[in-house]
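**Student:** I'd like to ask you about the structure that follows.
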Amino acid sequence: MSIYESLELPRPERDVVLSIGSFDGVHLGHQHLLRNLVAHGRETGRLSAALTFFPHPRAVLRPDQAPQYLTTQEERNELLASLGLDLVVVLRFDRAMAATSGEEFVRLLYDRLRMRELWVGTDFAMGRGRAFAVPELRALGERMGIGLRVVPPFEHGGEPVSSTRIRTVLAAGDVSEARALLGRPVTFRGQVVEGERRGHWLGFPTANLALDPNRAIPLDGVYVVWAVVEGCRYPAVANLGASPSFDSDTRLLEVHLLDYQGDLYGRMMTVEFVQRLRPVERFDDLDALVRQIQGDVQVAREVLSGARAVHP
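Residue numbers (our numbering): 3 to 314.
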């Protein structure tokens, strides 16, 4: 898959079937649309492509209403690549782009990207003031010879799957439902940073990951997780949030790997959320805190079926 960050790209050798969207999270709805688009492209001899934006348009137009993102740009590109697309175009969204009319943008895609077919959702709108919606796209497409396919929402549990719905269930700590909507575990990837080593002297050393305030993460709490380091997968318990027992209001993701000995500072870790055990609590008695952590570890082992480290 080729990734471009502008429309100043080599002209595709074949016509393109394209979908435009934020694709934040690359959830089940996105996957359903794009897998069908890829299959259609192969059947018709066209290249399959997705066009998306960074940052999210609302972060530019209404910063106070900008959504927290479900995936980083790098993660989103990796997920899009896994669907078999030929091309992904990531355009920087700014005020100049926001002022572009829908018709002007479609003509640009027709010329630069050889777009000859466009797939969109039922609520799709684009261009200045989001004034160019499905009726306008259909009329322009008929004049220019661009096919338009309007794809109905993909549903799970009787409701449409959307990035907004996933943010809502994450905010409630329901990582199981979020997993069902994403079609994969809720993950957080980051570099292990040095902490205050409180877990170490309690007997439960942790790998600490700093949290991005712009990232949608689950509700604060204690979670059963998998920790993935350099291809090795370890059962773990994670504390997401502050540490009230130590009068700390700094929010971190603190991960205790159950079957690991060694130093992880500076290494990259991916955390896969499995289940929320309980809210973050304050313990005035450190012995009580240790007993609670021991209980959390035992439950985690039961949830993960007593798994040990898994190496590739």
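For glycine and all other residues, C-beta sits at the position ideal for the given N, C-alpha and C.
Is the separation between the beta-carbon of Ala218 and that of Tyr71 shorter than 8 Å?
**Tutor:** Yes, the pair counts as a contact, with Cβ atoms nearer than the cut-off.
**Student:** Enumerate in chain order the residues of its own chain whose CB-to-CB distance from Arg169 is below 6 Å, with the five nearest sequence positions on each side excluded.
**Tutor:** If we look at Arg169 and ignore the five residues flanking it on each side, its Cβ neighbours are Ala218.
**Student:** Could I get the ranges of all uninterrupted alpha helix (DSSP H) runs contained in the stretch 232-308, with 4 residues as the minimum, in chain order?
**Tutor:** With a minimum length of 4 residues, the continuous alpha helix (DSSP H) runs that stay inside the stretch 232-308 are 288-305.
**Student:** So, with DSSP's three-state summary, where would you put Ser24?
**Tutor:** Coil, per DSSP.
**Student:** Mapping DSSP to helix, strand and coil, what is Arg135?
**Tutor:** The question names Arg, but residue 135 in the sequence shown is Ala. Strand.
**Student:** Pop quiz: Leu82 and Phe25 are said to be a contact at Cβ under 8 Å. What is the actual Cβ separation, rounded to whole angstroms?
**Tutor:** Correct: roughly 7 Å between the Cβ atoms.
**Student:** At 4 residues or longer, what runs of the alpha helix (DSSP H) sit wholly inside the stretch 149-227?
**Tutor:** 165-173, 177-184, 200-204, all fully within the stretch 149-227.
**Student:** Let's see if you can read the secondary structure: which residues bound the beta strand (DSSP E) around Arg94?
**Tutor:** Looking at the DSSP string, the run of the beta strand (DSSP E) that includes Arg94 is 89-94.
**Student:** What residue range does the beta strand (DSSP E) around Phe56 cover?
**Tutor:** Phe56 -> beta strand (DSSP E) spans 49-56.
**Student:** Where do the ends of the alpha helix (DSSP H) carrying Thr76 lie?
**Tutor:** Thr is not the amino acid found at residue 76; the sequence shown has Glu there. Residues 75-83.
**Student:** Taking the CB atoms as reference points, tell me whether Ser4 and Leu115 lie closer together than 8 Å.
**Tutor:** No; because the gap between Cβ atoms is not below 8 Å, this pair is not in contact.
**Student:** Suppose you measure from the CA of Gly223 to the CA of Pro281; what does that come to, to the nearest Å?
**Tutor:** Straight-line Cα distance between these residues: approximately 4 Å.
**Student:** How is Arg140 classed by DSSP in three states: helix, strand or coil?
**Tutor:** In this structure, Arg140 counts as helix in the three-state DSSP scheme.
**Student:** Can you give me the start and stop residues for the alpha helix (DSSP H) that Arg340 sits inside?
**Tutor:** The displayed coordinates of the chain run from 3 to 314. Any statement about residue 340 would go beyond what the structure contains.
**Student:** Assuming Phe275 and Val231 are in contact, meaning their beta carbons sit under 8 Å apart, how far apart are those beta carbons, in whole angstroms?
**Tutor:** The pair is not a contact, with the Cβ atoms about 16 Å apart (cut-off 8 Å).
**Student:** By Cβ distance below 6 Å, which residues in the same chain neighbour Leu11 in space, the five residues on each side in sequence not counted?
**Tutor:** Hits under 6 Å: none found.
**Student:** Give me the Cβ distance between Leu184 and Leu30, rounded to the nearest whole Å; I'm assuming they're in contact under 8 Å.
**Tutor:** Their Cβ separation, rounded to whole angstroms, is 7 Å, which keeps Leu184 and Leu30 in contact under 8 Å.
**Student:** Which class does Ala101 belong to by DSSP, given the choice of helix, strand or coil?
**Tutor:** Ala101: coil per DSSP, three-state reduction.
**Student:** By the three-class DSSP mapping on this structure, what secondary structure does Met3 have?
**Tutor:** Reduced to three states, the DSSP call for Met3 is coil.
**Student:** What does a CB cutoff of less than 6 Å around Arg151 pick up in its chain, not counting 5 residues either side in sequence?
**Tutor:** Result list for Arg151: Trp121, in chain order.
**Student:** Pull up the distance between the alpha-carbon of Ala174 and that of Pro220, whole angstroms please.
**Tutor:** The alpha-carbon atoms of Ala174 and Pro220 are separated by roughly 7 Å.
**Student:** In this structure, does DSSP put Ala68 in helix, strand or coil?
**Tutor:** Residue state, collapsed to three classes: coil.
**Student:** Closer than 8 Å is the cut-off here; do at least three beta carbon pairs connect the stretch 91-107 with the stretch 125-140?
**Tutor:** Result yes; three or more Cβ-Cβ pairs closer than 8 Å.
**Student:** Note down the Cα distance separating Ala290 from Gly233, rounded to an integer number of angstroms.
**Tutor:** The alpha-carbon atoms of Ala290 and Gly233 are separated by roughly 35 Å.
**Student:** Rounded to the nearest angstrom, what separates Leu213 and Glu179 at their Cα positions?
**Tutor:** Approximately 22 Å between the Cα atoms of the pair.
**Student:** Can you give me the C-alpha to C-alpha distance between Arg44 and Val18, rounded to a whole angstrom?
**Tutor:** Their Cα atoms are separated by approximately 11 Å.
**Student:** Report the CB separation of Gly149 from Glu119 in whole angstroms; it is logged as a contact under 8 Å.
**Tutor:** That belief holds up - the Cβ atoms of Gly149 and Glu119 are roughly 4 Å apart, short of 8 Å.
**Student:** Enumerate in chain order the residues of its own chain whose CB-to-CB distance from Arg293 is below 6 Å, with the five nearest sequence positions on each side excluded.
**Tutor:** No residues qualify anywhere along the chain.
**Student:** Flag this pair as yes or no: are the beta carbons of Met271 and Val194 separated by less than 8 Å?
**Tutor:** Yes, Cβ-Cβ distance for Met271 and Val194 is below 8 Å.
**Student:** So Leu279 and Tyr225 are in contact, right, with Cβ under 8 Å, and what is the actual spacing, rounded?
**Tutor:** 6 Å between Cβ atoms; contact.
**Student:** Terminal residues of the continuous alpha helix (DSSP H) containing Arg130?
**Tutor:** First-last for Arg130: undefined, no H or E at that position.
**Student:** Alpha carbons only, please: which of Thr46, Gly27, Ser307 is nearest the one belonging to Glu77?
**Tutor:** The residue with the shortest Cα to Cα distance from Glu77 is Gly27.
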